[in-house]
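**Q** One structure is given below, represented as structure tokens, and several questions about it will come after.
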């Protein structure tokens, strides 16, 4: 099935490439706008529009690019559900990519700590990366604690109507009981400072597109695949799984 899907995508891309070459889908520079984040002190730069626009890429892939932003406490299952969703989408012939908070700090954000300022920059950077992914037609699954409302709002404004906030709702007590990385124990012992949920706040989303009840007070967890299927239903309903 996957080989057949790959051939289908290649055929679509080849057909659309011919259209691009004829100039029928290329957008002019007059259509380009730069918004949201300030450029800072750099002045001798300009935005370059590519020869293949987002809609053309999406038709080749048979899906619409978007950003699913998984937010929640450490241990709430963000990455587990994101990777499960990635796999389920792949089985359906859809192209998705997980951007995991821990993984990103090994490279792109390795120079950032956990101060309020560094957390803000952490989210700003991944917000920009996720937008690039979505603009390429990718179903982008971002798994970051992202504890502050204002930072999530900035990314939402940057990405636009293709931003889908997924709130992994779970009691703090359940996260502490689970504590798969031992971080809560270390934070309670004072070995980790500024840990979200202990001595740094987590600001809950008020209007998330998707709110997952990960666990109740009794600690019973919802199966990751079940949660992934609910998200797929949402994506299908909103038209992201076709182009």
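In this note's numbering, the protein residues as written are -2 to 240. Just so you know, even glycine gets a beta-carbon here, dropped at the ideal spot from N, CA and C. Source: prediction; values computed, not measured.
1. Where DSSP assigns a beta bridge to residue 218, which residues make up the other side?
2. Rounded to the nearest angstrom, how far is the Cβ of residue 141 from that of residue 98, given a contact under 8 Å?
3. Between the C-alpha atoms of residue 22 and residue 44, what's the straight-line distance to the nearest angstrom?
4. Considering only their Cβ atoms, is the gap separating residue 143 from residue 68 smaller than 8 Å?
5. Quick one: Cα of residue 55 to Cα of residue 185, how far?
6. If we count the other Cβ atoms within 10 Å of its Cβ and call it buried at 16 or more, is residue 233 buried or exposed?
7. For the region 91 to 166, which segments carrying the beta strand (DSSP E) assignment without a break, of at least 3 residues, lie completely within its bounds, in sequence order?
8. Any contact of the region 90 to 107 with the region 187 to 204, i.e. 3+ C-beta pairs under 8 Å?
9. For the alpha helix (DSSP H) that residue 192 lies in, which residues bound it at each end?
10. What does the alpha-carbon distance come out to for the pair residue 151 and residue 134?
11. Just list the alpha helix (DSSP H) runs in the region 43 to 99, keeping only unbroken ones of 4 residues or longer that don't cross its boundaries, in chain order.
12. Is residue 31 buried or exposed, if buried means 16 or more other CB atoms sit within 10 Å of its CB?
13. What is the rounded straight-line gap between the Cα of residue 221 and the Cα of residue 229?
14. Only counting the same chain, and skipping five residues up and downstream in sequence, which positions put a Cβ closer than 7 Å to that of residue 51?
15. Excluding sequence positions up to five away, which residues of its chain have a Cβ less than 7 Å from the Cβ of residue 182?
16. In angstroms with no decimal places, state the Cα-to-Cα distance between residue 237 and residue 190.
17. Taking Cβ to Cβ, would you say residue 123 is nearer than 8 Å to residue 96?
18. Taking the alpha carbon of residue 174 as the reference point, which residue from 57, 73 and 219 has its own alpha carbon closest?
19. In whole angstroms, what separates the C-alpha of residue 187 from that of residue 148?
20. How would you label residue 194, buried or exposed, when you count the other beta carbons within 10 angstroms and need 16 or more for buried?
21. Answer with buried or exposed for residue 223, where buried requires no fewer than 16 other C-beta atoms within 10 angstroms of its C-beta.
22. Note the first and the last residue of the continuous alpha helix (DSSP H) segment covering residue 174.
23. Just how far apart, CA to CA, sit residue 165 and residue 66?
24. When burial is assigned at 16 or more other CB atoms within 10 Å of the CB, is residue 53 buried or exposed?
**A** Answer, in terms of the structure:
1. Residue mapping note: residue 218 aligns to position 221 of the chain shown, counting from 1. Paired residues: 212.
2. Taking the first residue of the chain shown as position 1, residue 141 is located at position 144. Taking the first residue of the chain shown as position 1, residue 98 is located at position 101. Rounded to the nearest angstrom, the Cβ distance from residue 141 to residue 98 is 4 Å, consistent with a contact under 8 Å.
3. As a first step, residue 22 must be located in the chain shown, where it is residue number 25. As a first step, residue 44 must be located in the chain shown, where it is residue number 47. Any answer about residue 22 is weak, because its pLDDT of 41 lies below 50 and its placement is not dependable; what the coordinates show is given next. Answer to the nearest angstrom: the Cα atoms are 19 Å apart.
4. In the chain shown, residue 68 corresponds to position 71, counting from 1. In the chain shown, residue 143 corresponds to position 146, counting from 1. Contact check for residue 68 against residue 143 passes: the beta carbons are separated by less than 8 Å.
5. In the chain shown, residue 55 corresponds to position 58, counting from 1. In the chain shown, residue 185 corresponds to position 188, counting from 1. As the crow flies, the alpha-carbon of residue 55 is around 47 Å from that of residue 185.
6. Position 236 of the chain shown, counted from the start, is the residue given in the question as residue 233. Under this definition residue 233 is an exposed residue.
7. Entirely contained in the region 91 to 166, the beta strand (DSSP E) runs reaching 3 residues are, in chain order, 93 to 97, 136 to 140 and 160 to 166.
8. Touching, no.
9. Here residue 192 refers to the residue found at position 195 when the chain shown is read from its first residue. For residue 192, no alpha helix (DSSP H) encloses it, and the DSSP letter there is neither H nor E.
10. Counting from 1 along the chain shown, the entry for residue 151 is found at position 154. Counting from 1 along the chain shown, the entry for residue 134 is found at position 137. Computed Cα separation, rounded: 21 Å.
11. Counting only runs of 4 or more residues that sit fully inside the region 43 to 99, the alpha helix (DSSP H) segments are 51 to 58 and 75 to 88, in chain order.
12. Translated into positions along the chain shown, residue 31 becomes position 34. Residue placement at residue 31 is flagged as unreliable, the pLDDT there being 43, under the threshold of 50; the coordinate-derived value follows with that caveat. Residue 31 comes out exposed.
13. Position 224 of the chain shown holds residue 221. Position 232 of the chain shown holds residue 229. Using only the alpha carbons, I get a separation of about 12 Å.
14. Reading the chain shown from its first residue, position 54 is the one you call residue 51. Same-chain partners within the cutoff: 62, 132 and 134.
15. Stepping through the chain shown from its first residue, residue 182 is reached at position 185. Its chain contains 176 as the residues whose beta carbon lies nearer than 7 Å to that of residue 182, once the 5 sequence neighbours on both sides are disregarded; these appear in chain order.
16. On the chain shown, residue 237 is found 240 positions in, with the first residue counted as 1. On the chain shown, residue 190 is found 193 positions in, with the first residue counted as 1. Rounded to whole angstroms, residue 237 and residue 190 show a C-alpha spacing of 40 Å.
17. For this step, residue 123 is matched to residue 126 along the chain shown. For this step, residue 96 is matched to residue 99 along the chain shown. Yes, these two residues count as a Cβ contact at 8 Å.
18. The count along the chain shown starts at 1 and reaches residue 174 at position 177. Shortest Cα-Cα distance from residue 174 to any of 57, 73 and 219 involves 73.
19. The sequence position of residue 187 within the chain shown is 190, counting from 1. The sequence position of residue 148 within the chain shown is 151, counting from 1. Their backbone Cα atoms lie some 26 Å apart in a straight line.
20. In the chain shown, counting from the first residue as 1, residue 194 sits at position 197. Buried.
21. Start at 1 with the first residue of the chain shown, and residue 223 comes out as number 226. The residue in question, residue 223, is exposed, as its Cβ has fewer than 16 Cβ neighbours within 10 Å.
22. If you number the chain shown from 1, residue 174 lands on position 177. Judged by DSSP secondary structure, residue 174 falls within the alpha helix (DSSP H) whose first and last residues are 169 to 175.
23. Taking the chain shown and counting its residues from 1, one reaches residue 165 at position 168. Taking the chain shown and counting its residues from 1, one reaches residue 66 at position 69. One Cα belongs to residue 165, the other to residue 66, and the distance between them is close to 10 Å.
24. Within the chain shown, numbered from 1, the residue matching residue 53 stands at position 56. With 16 or more neighbouring CB atoms inside 10 Å of its own CB, residue 53 falls in the buried class.
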